[in-house]
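**Q** Sharing a structure here in structure tokens format.
In the working numbering, the protein residues as written are 84 to 193.
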């Protein structure tokens, strides 16, 4: 029984480490893209001052490593942020889809 618990703990730890690594790779990939979300939302014709204020509101004026750490700490607390597409909490969007996914998984396993 002790070996089974050890194996489960190892697998959970490896899973969390994998999630952290994948999130970091995606974050760095997005970080390397040209432009930023503030320019995309406001458009190319927006005044530089407006873009700068919006970047500050979004926290894009912080260094990338600080933004990533802030995001990870938020996720640990259950705060995934807000969708830029429809201004709804991401946890709400995930929860709705997760409920449907679990329903389908239960129906197919029965």
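Backbone N, C-alpha and C fix where the C-beta goes; we use that ideal spot for every residue, glycine too.
Quick check: residue 173 and residue 164, are their CB atoms within less than 8 Å of each other?
**A** The answer is yes: Cβ separation under 8 Å.
**Q** Closest to residue 143 by CA distance: which of 177, 118, 188, 169 is it?
**A** Among 177, 118, 188, 169, the Cα nearest to that of residue 143 belongs to 118.
**Q** From the DSSP secondary-structure annotation, give me the bridge partner or partners of residue 165.
**A** Note: residue 165 sits in a beta bridge opposite 172.
**Q** Enumerate in chain order the residues of its own chain whose CB-to-CB distance from residue 110 is below 7 Å, with the five nearest sequence positions on each side excluded.
**A** Here the set comprises 151.
**Q** Using CA atoms only, rank isn't needed, just tell me which of 141, 86, 122 is closest to residue 170.
**A** The option with the nearest alpha carbon to residue 170 is 141.
**Q** Is the beta carbon of residue 166 less than 8 Å from the beta carbon of residue 176?
**A** A contact, by the Cβ cut-off of 8 Å.
**Q** Can you tell which of 90, 103, 113 has the C-alpha that lies nearest to the C-alpha of residue 158?
**A** Nearest of 90, 103, 113 to residue 158, Cα basis: 103.
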